[in-house]
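The structure under discussion appears below in the form of C-alpha cells.
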Amino acid sequence: MFFPISNAHISPVYLVIVGFIIGILGGFFGVGGSFIAGPALRAVGLHWNFAVGTDLAHIVGKSIVAARRHRAMGNVDLKLGLLMAIGTIGGAEVGAQLIQMLKRQGHVDFVVSLVSIVVYLGISIFMMWESRKTLRGKRRKPMTPRDKDASAFKPVTRRIQRLKIWPMVSLPTSGIKAISIWVILAVSFVGGLFSGFLGGGAGYIRMPSMVYVLGIPTHLAVGTDLFEIIISASYGTFTHAIKGNVDILIALVMHTGAAIGAQIGAISTQYFAGPKIRLLFVPLPLIGAAIVIYTLFTGQKL
C-alpha cells in the first residue's frame, strides 16, 4: 500500500500487527511503545522524522483506550498526570525542535538512531539490576501486601521525596504525603524531551522515572503514564504535524490493531506484582535497540 505523505510502500497487515503488539505493551507497561514502533517504521523505510511524528499520532487513540481501562481498575492518579503534562509538553517541543535542526543539517537518521540505542540499553540494564535485586531480596522473606511493590532503589527514592523545594504537593492517590512540584516537572520534562526527539510518549523513560524517582507504585505509574500520554502525545502530534512529520493514514492503520491490544495489556497488569512487571519490561528496550542497530547495518539510507 502506498502512503503518499511519507512516500512509503508498507503492508497494512504489517502495520496492524505492529500496532497490536504495541497496544499490548502499552496497556501492560504504560508506555507509548515508541522503542518498538519507531524502529519498526524505520525498518520498512520511513525516515526518523516521519517515524517519530507518525508514532506520536497513533498512540493517542491507543492510550485513550488503555487509560480508560486502567482508570476503571483504580490505577490512574489524575492530579499527578495533569501536573506531569505541563513539563512533558515543554520537553516535547524542545525535542521536536531538535529533530527539525537535525533534519535541516541532514543528520537526523544517524543521530536519533545513536541516541535511541544508548537510551534503550541504559534503561534495560538499570531495570534488570533493580528488579532482579528486589526479587532476590523478597525470596529471603515472605512478601506481605505492603511489599507487593517493593524496590531496591527505594532508599534513593525516599531521599528525593524528602527534598523540601517549595512548592510541595501531596498525591494521596499514589500514597505520597508531600513532594516538590519541581521534581515532578523535571521528570516529566525529560520524558517529554525524549518523546519529541525519539517519538511516542517516552513511557520507557517516564514510567521507570515515576517509580524510581517519584516513588509511585508500579501499577499506578502504568495507568497514570497512559493518561498523561494522551495529553502530551496529542501536543506532540500537533507540533510534528505542522512541521510535516506525520503520515496520518499510517497512524490510523496501526491504531486498528493497537486499540485491541491495549485492552488485553491493561487487564493483564492485575495478575502481576510491581517488581515482576518491571522485570518483564527489561527486554522491550533491548528489542528496540536491536531493530535500530539492524537499520544501521543493512544499508538503510541514514
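Residue numbers for the sequence shown follow our numbering, beginning at 24 and rising by one.
Each residue gets a CB set at the ideal place from its N, CA and C atoms; glycine is no exception.
Cut-off 7 angstroms between Cβ atoms - residues of its own chain near residue i, not counting five sequence neighbours on either side
{"i": "N268", "result": "N72, F73, V75, G76"}
{"i": "M230", "result": "F52, G53, V54, A244, V245, D248"}
{"i": "T241", "result": "D172, V234, G297, I300, R301"}
{"i": "S255", "result": "A108, T111, I112, A115, G215, S218, G224"}
{"i": "Y317", "result": "A66"}
{"i": "Y258", "result": "I112, A115"}
{"i": "S197", "result": "D100, L103, I239, P240, L243"}
{"i": "V179", "result": "none"}
Start-to-end residues for the beta strand (DSSP E) that takes in residue i
{"i": "M191", "result": "191-194"}
{"i": "A201", "result": "199-203"}
Spatial neighbours of residue i in its chain, beta-carbon cut-off 8 angstroms, leaving aside the 5 residues before and after
{"i": "V135", "result": "W71, V75, I122, L125, F220, L221"}
{"i": "I253", "result": "V83, S86, I87, A90"}
{"i": "T167", "result": "Interpretation of T167 is limited by its pLDDT of 48, a score under 50 that renders its predicted location unreliable; no figure is taken from the coordinates."}
{"i": "I140", "result": "A312, V315, I316"}
{"i": "A201", "result": "Q184, M191, V192, S193"}
{"i": "V327", "result": "Any answer about residue 327 is impossible in this case: the structure gives the chain only from 24 up to 325."}
CB contact check: residue i to chain D, cutoff 8 angstroms
{"i": "G97", "result": "In the structure shown, chain D does not exist; there is a single protein chain."}
Delimiting residues of the alpha helix (DSSP H) encompassing residue i
{"i": "M96", "result": "It is not in any alpha helix (DSSP H) - M96 carries neither H nor E in the DSSP assignment."}
{"i": "D248", "result": "241-264"}
{"i": "K299", "result": "297-304"}
{"i": "Y14", "result": "For the chain, the structure presents residues 24 to 325; residue 14 sits outside this window and is missing."}
{"i": "G49", "result": "35-52"}
{"i": "I183", "result": "177-184"}
{"i": "S10", "result": "Residue 10 lies beyond the residue range present for the chain, which begins at 24 and ends at 325; the question has no answer from this structure."}
{"i": "T292", "result": "From DSSP, T292 is part of no alpha helix (DSSP H); its letter is neither H nor E."}
Beta-carbon spacing of residue i, residue j below 8 angstroms
{"i": "P298", "j": "L158", "result": "yes"}
{"i": "I45", "j": "A281", "result": "yes"}
{"i": "I33", "j": "I283", "result": "no"}
{"i": "L38", "j": "V276", "result": "yes"}
{"i": "L101", "j": "L194", "result": "no"}
{"i": "G42", "j": "T279", "result": "yes"}
{"i": "V315", "j": "P62", "result": "yes"}
{"i": "R9", "j": "Q286", "result": "Residue 9 lies beyond the stretch modelled for the chain, which goes from 24 to 325, so this question has no answer here."}
{"i": "L69", "j": "A31", "result": "yes"}
{"i": "I199", "j": "G238", "result": "yes"}
{"i": "V308", "j": "I146", "result": "Just to set this straight, residue 308 is Pro in the shown sequence, not Val. Their beta carbons are under 8 angstroms apart, which means P308 touches I146 by this criterion."}
{"i": "G129", "j": "G288", "result": "no"}
{"i": "I28", "j": "D270", "result": "yes"}
{"i": "M150", "j": "F304", "result": "yes"}
{"i": "F176", "j": "E153", "result": "yes"}
Cβ distance (whole Å) where residue i is taken to contact residue j below 8 angstroms
{"i": "L105", "j": "H263", "result": "Not confirmed; about 23 angstroms, so no contact."}
{"i": "S174", "j": "V210", "result": "Not really, about 16 angstroms apart at Cβ, beyond 8 angstroms."}
{"i": "I59", "j": "G311", "result": "6 angstroms"}
{"i": "F250", "j": "V99", "result": "5 angstroms"}
Nonlocal neighbours in the same chain, by C-beta distance under 6 angstroms from residue i, ignoring five residues either side
{"i": "I188", "result": "S203, W205"}
{"i": "K324", "result": "Per-residue confidence for K324 stands at a pLDDT of 46, beneath the threshold of 50, marking its modelled position as unreliable; the derived number appears in the next sentence. Nothing meets the Cβ criterion."}
{"i": "F25", "result": "H32"}
{"i": "K156", "result": "A175"}
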